[in-house]
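As structure tokens, then:
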């Protein structure tokens with residue numbers, strides 16, 4: 030196997046490792062309600078001469094699940110996140126559309142003070158309002174595995190470039 034093929038294999042293994050660990054983190058952290066984010070995780074590598082590229086793909090909302098989102102009134106759940114509810118840059122009513130669907134899918138409803146069950150829409154509204162004000166906690170489902178795998182990458186490439194691999 031040529032060195033170029035060996036490095037290409039190392040980069041492909043890097044991508045597979047990050048994807049596998051990210052998927053595992055989504056499942057462990059119970060962030061896998063519809064599995065669409067889980068299934069969307071992908072890695073593509075390209076070789077152009079002596080240049081090696083790797084690119085990760087995921088659903089757009091994956092970056093919000095990873096980094097979290099600061100709330101309108103509190104940033105305690107995601108203090109380091111670059112994202113914040115209430116800035117006016119996002120889609121209007123995104124939470125109020127998706128949360129009731131999620132509540133219906135999970136089949137849970139809150140009860141009012143008299144013990145009567147609220148509708149899915151009412152329950153969804155209360156949850157969406159809470160998320161808007163308090164934010165979404167950072168999960169780092171992708172950031173952590175990427176950082177760990179990336180730290181090992183220079184060593185693996187350097188090892189592949191040595192004339193005698195037994196030197197390391």
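In this note's numbering, the protein residues as written are 30 to 197. Ideal Cβ placement from N, Cα and C applies to all residues, glycine included. Note that this is a predicted model, so its numbers are computed, not measured.
Supposed close pair residue i, residue j - CB separation, criterion 8 Å
i: residue 114; j: residue 101; result: 5 Å
i: residue 98; j: residue 37; result: About 37 Å separates the two Cβ atoms, so there is no contact after all.
i: residue 118; j: residue 132; result: Wrong, their Cβ atoms sit about 26 Å apart, outside the cutoff.
i: residue 94; j: residue 70; result: The Cβ separation is near 11 Å, so there is no contact.
i: residue 96; j: residue 159; result: About 19 Å separates the two Cβ atoms, so there is no contact after all.
i: residue 162; j: residue 104; result: Rounded, the Cβ-Cβ distance is 11 Å, inconsistent with contact.
Exposure of residue i, with buried meaning 16 or more beta-carbon neighbours within 10 Å
i: residue 180; result: exposed
i: residue 123; result: exposed
i: residue 196; result: Summary for residue 196: the model assigns pLDDT 48, below 50, so the residue's position carries little reliability, and this model does not support an answer.
i: residue 87; result: buried
i: residue 111; result: exposed
i: residue 184; result: exposed
i: residue 145; result: exposed
i: residue 54; result: buried
i: residue 174; result: buried
i: residue 178; result: buried
Beta-carbon gap between residue i and residue j smaller than 8 Å
i: residue 154; j: residue 127; result: no
i: residue 106; j: residue 165; result: yes
i: residue 191; j: residue 43; result: no
i: residue 83; j: residue 40; result: yes
i: residue 74; j: residue 81; result: yes
i: residue 189; j: residue 32; result: yes
i: residue 64; j: residue 170; result: no
Cross-strand partners of residue i (DSSP beta bridge)
i: residue 68; result: Partner(s): none; residue 68 has no beta bridge.
i: residue 27; result: This structure gives no information on residue 27, because the portion of the chain shown stretches from 30 to 197.
i: residue 99; result: 113 and 164
Contiguous alpha helix (DSSP H) assignments of at least 4 residues, all confined to the stretch 117-148: Counting whole runs of 4 or more residues, the stretch 117-148 contains the alpha helix (DSSP H) stretches 123-135.
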